[in-house]
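Student: Residue numbers (the numbering used here), protein chains in the order written: chain A, 1 to 165; chain B, 166 to 825; chain C, 826 to 1143; chain D, 1144 to 1326; chain E, 1327 to 1623.
Think of the CB as a built atom: it goes at the ideal place given N, C-alpha and C, for glycine as much as any other residue.
Note that the structure is predicted; figures quoted are calculated from it, not measured.
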Amino acid sequence: MPAQDERELRIVGFLCNWCSYGGADTAGVARFTQPTDLRIIRVPCSGRIDPLFVVRALLNGADGVLVSGCHPRDCHYAEGNFYARRRLEMLKRFLPITGIDERRFEYTWVSASEGQRWQHVVTEFTRRIHELGPAQSFNPATQEEWFNLALNEASKGEACACHGS
Amino acid sequence: MRIGVFICHCGSNIAGTVDCESVAELASGFPEVVYSTDSMYTCSEPGQEGIITAIHEQKLDGVVVASCTPRMHEPTFRRAVERAGLNRYMFEMANIREHVSWIGKDKEHNTNKAADLVLMAVEKLRRNRPLVPKSFETIKRVLVIGGGVAGIQAALDCADGGLDVVMVERDQSIGGKMAKLDKTFPTIDCSSCVLGPKMVDIAQHEKITLHTCAEIEAVSGYVGNFSVTIRRRATYVDWTKCTGCGVCTEKCPSKRSPDVFNEFMGTTTAINIPFPQAIPKKAAINPATCTMIQKGKCGVCAKVCPVGCIDYEQQDELINVDVGAIVVATGYDLFDWHKYPQYGEGRYPDVITSLQYERLLSASGPTGGHIKRPSDGKEPKNVVFIQCVGSRDRSVDRPYCSGFCCMYTAKQAILTKDHIPDSQSYVFYMDIRAPGKGYDEFTRRAMEEYGAQYVRGRVAMIYPHGEQLMVRGADTLAGTQVEVPADLVVLATGVEAAQGAVKLGETLRVVPDQYGFFVESHPKLKPVETNTAGVYLAGACQGPKDIPTSVGQGSAAAAKALGLLSKERLESDPAVSKVNLSRCVGCQKCIGTCPFGAIKAITDRQGKLKAEVIETVCQGCGICTVTCPQGAIQLEHFTDNQILAEVNALCPPKMNASFE
Amino acid sequence: MSQLEELKAAIRGHLDSLDCVIGWEQGYDPLHATPLFIRNESDLERLSISPLAVHNPATYATGFAGKKIGMVVRGCHSRSIIELLNEKLIERENVVLFGLCCDGVVSQRKIRTALPADPGFVEAVEIGDDALHITLAGEKTTIKLQDVLADKCRICAYPDPLLADVLIGNKHDSRPEETLACQEAFEAKPNAEKFTFWQDTMSRCIRCYACRNVCPMCVCQDYCIAASRDPLWMSQENSPAENFMFQMIHVSHLTGRCTECGECERACPVDIPLMLLRRYMNKQVQEVFGHQAGTSLDKTPPLLTFQVEEARIKERDW
Amino acid sequence: MNIIDLTAADCDFQAEVASRSGQDLKTCYQCGNCTAGCPYTFAYDVPVSQIMRLIQAGQRETVLNSKSLWLCASCQSCTTRCPNSIDVAKVMDVCRHMARENGCVSERTSKLFTDAFLQSVEKHGRAFELGLMATYTMKSGRFFDNIALGPPALLHNKLSLKPHSIQGKEQVARIFERFRKGE
Amino acid sequence: MAKIAYYPGCSGQSTSLEYDLSTRAVCRALGIELVDIEDWSCCGSTPAHTVNHVLSAALSARNLALVEQQGMDTVTTPCPSCLSNLRTAAHKMEDASFRDQANALLDTPCTTKIETLSVLQVIAEQVDAETIRAKVVRPLTGLKVACYYGCIMNRPPALMQFDNHENPMAMDKLMGLLGAEVVPYPLKVECCGASFGVPRVDIVTRLAGKLLDAGRDLDADAFVTACPLCQMNLDMRQGQINTALKENFRIPIFYYTQLLGYALGIDDKELKFNKLCVNPRPVFKKLSELKEAAQAG
């Protein structure tokens, strides 16, 4: 469903089935109003979330990616979120070198009972993404841009950033 | 593929803020969707029939239902598609109620979002494949960990139901906390008269094997097929010979052993049978205080034992047993009240815990059932009870209510009056929590019939005042400070997770909460199940509980175990990881990260190392799939391709369309 | 005895018990070296260990699974070997390491820029203590070694092999203080500039996978997820985003494992400064886990383990 | 006795005390431990636990006019023993600040003593006890409260007869000056 | 032993001159070098924080800034009230916005965190027991003392981070080292009435009276204190207490540094026993009688 209302931005959520997906359900059951931008992908555990899913989403043009799992120590599978925490932290720290604003990606912990917290997380994250605005596309959008890129490179020759200074 | 999409109105729950008809119409344009419709209540009987009919008529081989959360009705719809002859994994759900209609009112946005979620489900479904569970045999034996009242009940129910039971108890005797109690509320029944016969049943039941002085060393395997190692501590007494005659305990010259059973109110002998009704009634030596074991001198017990069962060289023993299910009933411990320096940190002997007071009240206790205060053996007249010591107190990280202290305090106030008619009890409380049958009436009796003075407020400090203890507290109802010169102060110490619970949790793969209580599978609907299949909880190991609740849970856990093992064979969830052997390079990283030991290394025909998943052990978390750089191990039903399909559905990759 | 002779003697002593010893020899011209797979005495004679000998022999290690091999390793190469050992991808008893205390290797790219004309084919190279004398089209140019030292060598913290069965040369007693100004400058750039930089750079990537193939830590062999249908992580389309996706896969799989040997960047035919990504990730790994890949034996890569309380991962408030 | 209209609670008051003290007042569950330990309860008109309750109930006037605020010595018993880790002494302090700002002084002598003390510090840089006692006695008119202390104090040279002025006393005076300007 | 900055506090200049002098003498004897803060000013005491927390912190911070300027990072004070104020100021100023507010009132801002310790803590933690025991020349053998710490020496525990906050033992241990018999005094941290002696003397007579009463119950020969205000309330006001409560207390109230100094053999002139209102002579008489009896026996 690519066609989107222009007021809405594209936010992808990866939620573990046992805690955060349940937390989002709890928020729904309690009718906690939330912005509609977020679309949730359900995975069994935050340990199933490959940081590359996040990268894939961002390179595909997602404006924001939110990951949420069980609180540390509360993982349904005992250890999944411990691995997730390391993997996702490294991704978050790595993003700046790519020029992708690391604020577009966030990970957090929400338990199945924390409906209110889920509402807060979604609202805050959506607000943050709207502040950042739509993400720039990594691929050039038009033919003209494409040629500009190519020309630019051709003129640079051996323009390795490491040898510049 | 031929996919059918069903959009549920859920009455007005969804249709109120989502244009379900448009969603259905949009969905008809999604890839491989050949049938798309909307219905009022998809989960209802006619709704399910509608799906089944459509599967038959439209020759569907995959179904998407957009309705409520899959945590609610996924099993329902899976059964429905299965009835129509589809594999239950050829089904996907889009959650357009909890995640859409209930959280926003903007119909246009909601409709868009609902359509997106349906598209994601369709894209995922296109990559689903039928999965078939494997079946395996079960072992008709249950392990019960903990021999308190909850464990006893679970063991007896399982054994009566025809299962073999192995009971493991850390202490020398079963009976747990209840065996230490004098009377029970609200009926003032004698605790050991009620519990004693059940303890004897455990000893005599032909289907029950009891190991005391024993702990769980290791657990492996999976539901229906656990393999357990039990460590039995050396007791230095050959229990196959010991008759429990007690001669050794009479003659033992080392009389300064801490008396654990009597809550350290006094001392006992180094060789000891903890109490007259102990099960098993066997003697054991405390190696820390036995002079023979410590210094190699003495040997009196060996000399006097009529059956020659003393063995100073005895070693710990490891026992292996295979079981199909495990009941955890490890109970609780008491809060260490020394964390409150204002109550004297143990400097004042006449400040004791409620469980110590039980021992003073008990006819089998150190004072023979006469209330004598520890400092000088005098009978107290003013007895102060302080509630919530280590309960409902965030400053000591115990914010929870321990549940039953209000009740036993009322009981103890009543018993105090029974024992010492001219005594006066004062109870400092914050709120009286008495929600059980006959409970509130009981606390009222303590006040009305037995004259206990209930004072609403905490106690700030206790300090010695002559031969008495000055208790300074507040009466918040009167809005003032109050002081009571007390002869004895009894602290209603709160409930804590049993020592070692966290470690046991690791062994069993049962998650403890932040306070060390084991977490149940669902707080309402699965109160005795855990997230590890085949492991059940009973009693206070899950949270503070009084006796009837613990017994009820013991029976509930037994019912679960009986139900599980009543099946000859069990089916495993096929949504587990699977190794693509040709992609696997044998780096074994997945083996290291699997929390369940569900992956093992094998050698293929060419002699190359490969990974293999033990399907029955795998719990389906997918940690391995992310670990594997080649993507060789994939979690079925949540494969990389399935998740990527959802990502790509949401954020379609921008191709170089401009060149075309 | 020169270091080369010393090394040859050491290898000779092991040659019988090894299936192969990996070193370097002169390549298509005197300016270029190429890996040498020594199986007999005559192979051994061709061994060269000049600063032109840059290739990381560890790259070939997993390919010799089940065989016993020797490798001539510099400091950074030894780190790769240690990391492979730690990940149990090779076995210690199957490798004999001939360690070289290394004073750095050259960057062909820098030489190319330092030479007056396109090198094409050089006639002769003389290697002095601190300079290269290159004869090109009859003309001799002298280049200071220091000026053409590879970037990784300028900041190398481990010039001496951290693991070796035989050690040749003198150990270094200090580490260079130097930092790479260009790296810091790049990191400090605003996001938009960095983003454009990678867009530009990735538009010239030809997805030849040289960076992957030469990487000693890329052990997926023929099963790289960048080139598979199941799982299908990326299309084969040559677009900046897909090219960058591939680089992100590489970075992701190297998290906590990259030993900074610099082979990826060296091998890149279109001069993509991949080490910018590598060094940045390694810095993060160092900061969060205190981990440097391949610097000590028996260390688990940080993403394959965890701690219940992560001292240096701060939970963000919500 | 006053009947409190709960819907007319002064929520701003509650919020102001909470923000100025940095304490989460909602966590007080009225266990009374502060009152139980407070040595001054006998002198208070409103026990400290009820002050906490009245703040929760938004009873600005009652709280700010209570004598208790002026009789709290900040001895920290309440803070130390609060099961919810509320810094109760700080809450009392903040209420006293607010009472002062609102001109609610129900224990005049306490305030006079405080004022006399600070005046002395402002003037000399250090507290000059004899001087501040003189100021206090003049202003309070309470000539006889501590008359009994005269002989022992003088006999044992307890009070220095001269103020210990310091070189930086202007610096100290400027602290007060800037403080008043900022207020 | 390291040098440490020294903040005597205003009362050390007048009402508790003997505390200041004995503190200096004892520290000298134990090898603790005290460096006076030049031109120190009042910390604000209780009155300042009852008026405003920023004002209070600024008055304290002026002194912390002086410590900083003298190139030191730790200051010690005998007075618990000063201790509490200085520690509170330093703690609050860890918050940047509060620090800016407080510094805005100062001529010279305080930029680093200065640690404040009580002299009692310095002695308890930096001088080992054996050193003290070895230096005792006039043991207090047979003297029954009650150690009274006052309400803010150890409280609130999160701020003070010293000793057990309900049952502090630092002075008990110290007096024990000197040979004294330390009675298990139960009201070690109960408030004595603080500065209410001036505006509400009735409060002080009641609270301090209770403290004396508890000491008498335990048969204590003397009180040992660490706080000028406590000492004054118990000592100078003992007559007032007797009048108000119709009692007849005659319990000498020492500063712990006085008794420590005495035991270490420091000249009485530096310990100023003559400043005490309740005559301490019976204590010394008892000591010498006990000593004679011991020698005779």
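Answer with buried or exposed for residue 468 of chain B, where buried requires no fewer than 16 other C-beta atoms within 10 angstroms of its C-beta.
Tutor: The residue is exposed, with fewer than 16 neighbouring Cβ atoms inside 10 Å.
Student: For residue 590 of chain B, count neighbouring Cβ atoms within 10 angstroms of its own Cβ and tell me buried if that reaches 16, exposed if not.
Tutor: Buried is the call here.
Student: Counting Cβ pairs closer than 8 Å, one from the segment 1010–1023 of chain C and one from the segment 94–114 of chain A, do we hit at least three?
Tutor: Enough Cβ pairs lie closer than 8 Å, so yes.
Student: Enumerate in chain order the residues of its own chain whose CB-to-CB distance from residue 316 of chain B is below 6 Å, with the five nearest sequence positions on each side excluded.
Tutor: Hits under 6 Å: 309 and 494.
Student: Can you look up residue 540 of chain B in the DSSP assignment and give me helix, strand or coil?
Tutor: Correct three-state label for residue 540 of chain B: coil.
Student: Please name the residue, chosen from E/1506, E/1393, E/1541 and E/1432, that lies closest to residue 1322 of chain D on a Cα-to-Cα basis.
Tutor: When each option's Cα is compared against that of residue 1322 of chain D, the closest is E/1432.
Student: May I ask you to report which of helix, strand or coil DSSP gives residue 1342 of chain E?
Tutor: Three-state DSSP puts residue 1342 of chain E in coil, outside helix and strand.
Student: Judging by CA-CA distance, which residue of B/711, B/172 and B/699 is the nearest neighbour of residue 686 of chain B?
Tutor: Residue 686 of chain B has its Cα closest to that of B/699, out of B/711, B/172 and B/699.
Student: Who are the near neighbours of residue 947 of chain C in its chain, counting only those whose CB is closer than 8 Å to its CB and skipping five residues on each side?
Tutor: If we look at residue 947 of chain C and ignore the five residues flanking it on each side, its Cβ neighbours are 854, 855, 856, 959, 960 and 961.
Student: Which residue's Cα is closest to the Cα of residue 564 of chain B: B/293, B/709, B/747 and B/795?
Tutor: Residue B/709 is the option with its Cα nearest to residue 564 of chain B.
Student: For the segment 1157–1186 of chain D, which residues have a beta carbon sitting closer than 8 Å to at least one beta carbon of chain E?
Tutor: Of all residues in the segment 1157–1186 of chain D, 1182, 1183, 1185 and 1186 have a Cβ within less than 8 Å of some Cβ in chain E.
Student: What did DSSP end up calling residue 387 of chain B once you bin it into helix, strand or coil?
Tutor: Three-state DSSP puts residue 387 of chain B in a strand.
Student: Secondary structure at residue 1096 of chain C, three-state DSSP: helix, strand or coil?
Tutor: Of the three classes helix, strand and coil, the one that applies to residue 1096 of chain C here is coil, per DSSP.
Student: Which value, in whole angstroms, describes the spacing of the CA atoms of residue 1304 of chain D and residue 1263 of chain D?
Tutor: Those two C-alpha atoms are separated by around 14 Å.
Student: So with CB distances below 7 Å, who are the chain E contacts of residue 629 of chain B?
Tutor: 1512, listed in chain order.
Student: Would residue 83 of chain A count as contacting chain C if we go by Cβ distances under 9 Å?
Tutor: Answer yes: the Cβ-Cβ gap between residue 83 of chain A and chain C drops below 9 Å somewhere.
Student: Are the CB atoms of residue 1543 of chain E and residue 1603 of chain E nearer to each other than 9 Å?
Tutor: Not closer than 9 Å, so no.
Student: Using a beta-carbon distance below 9 Å, is residue 905 of chain C in contact with chain B?
Tutor: Not an interface residue.
Student: Quick one: which chain B residues come within Cβ less than 9 Å of residue 1046 of chain C?
Tutor: What residue 1046 of chain C touches in chain B: 750 and 795.
Student: List the whole-angstrom C-beta distance separating residue 1483 of chain E from residue 1515 of chain E, where the pair is believed to meet the contact cut-off of C-beta under 8 Å.
Tutor: Wrong, their Cβ atoms sit about 11 Å apart, outside the cutoff.
Student: Going straight from the alpha carbon of residue 1215 of chain D to that of residue 622 of chain B, what length do you get?
Tutor: C-alpha separation (whole angstroms): 21 Å.
Student: Give a yes or no on contact between the segment 1024–1035 of chain C and the segment 990–1003 of chain C, applying the rule of three or more CB pairs nearer than 8 Å.
Tutor: The segment 1024–1035 of chain C is not in contact with the segment 990–1003 of chain C.
Student: Please list the terminal residues of the continuous beta strand (DSSP E) segment that includes residue 169 of chain B.
Tutor: Unbroken beta strand (DSSP E) run through residue 169 of chain B: 168–173.
Student: Rounded to the nearest angstrom, what separates residue 980 of chain C and residue 1097 of chain C at their Cα positions?
Tutor: Approximately 19 Å between the Cα atoms of the pair.
Student: Let me see if you follow: with CB-CB separation under 9 Å, is residue 806 of chain B close to chain A or not?
Tutor: No, its Cβ sits nowhere closer than 9 Å to a Cβ of chain A.
Student: Can you list, in chain order, the stretches of the alpha helix (DSSP H) that have 4 or more residues and sit fully within the segment 541–629 of chain B?
Tutor: 570–584 and 604–613, all fully within the segment 541–629 of chain B.
Student: Can you give me the C-alpha to C-alpha distance between residue 1245 of chain D and residue 1208 of chain D, rounded to a whole angstrom?
Tutor: About 10 Å.
Student: For a quick check, are the C-beta atoms of residue 984 of chain C and residue 992 of chain C less than 9 Å apart?
Tutor: Cβ distance not < 9 Å, so residue 984 of chain C and residue 992 of chain C don't count as in contact.
Student: Need the endpoints of the alpha helix (DSSP H) that residue 890 of chain C sits in, please.
Tutor: Segment: none, residue 890 of chain C is in no alpha helix (DSSP H) and carries neither H nor E.
Student: Between residue 557 of chain B and chain D, is any beta-carbon pair separated by less than 9 Å?
Tutor: Output row for residue 557 of chain B: interface = yes.
Student: From what residue to what residue does the beta strand (DSSP E) around residue 150 of chain B run?
Tutor: Past the boundaries of the shown model lies residue 150 of chain B; chain B is included only from 166 to 825, so the question cannot be answered.
Student: Measuring only the C-alpha atoms, how far is residue 611 of chain B from residue 544 of chain B?
Tutor: When rounded, the distance between both Cα atoms is 20 Å.
Student: According to a CB-to-CB cut-off of less than 8 Å, which residues of the segment 750–764 of chain B neighbour chain C?
Tutor: Against chain C - using a Cβ distance shorter than 8 Å - the residues of the segment 750–764 of chain B are 750, 752, 753, 754, 757 and 758.
Student: Using a Cβ-Cβ cutoff of less than 7 Å, which residues in the same chain neighbour residue 1163 of chain D once the five nearest sequence positions on both sides are dropped?
Tutor: Same-chain partners within the cutoff: 1237.
Student: Which two residues bound the contiguous alpha helix (DSSP H) that contains residue 1608 of chain E?
Tutor: First-last of the alpha helix (DSSP H) with residue 1608 of chain E: 1607–1622.
Student: Would you say residue 1202 of chain D faces chain B, with C-beta separation under 9 Å as the test?
Tutor: False, the Cβ-Cβ gap to chain B never drops below 9 Å.
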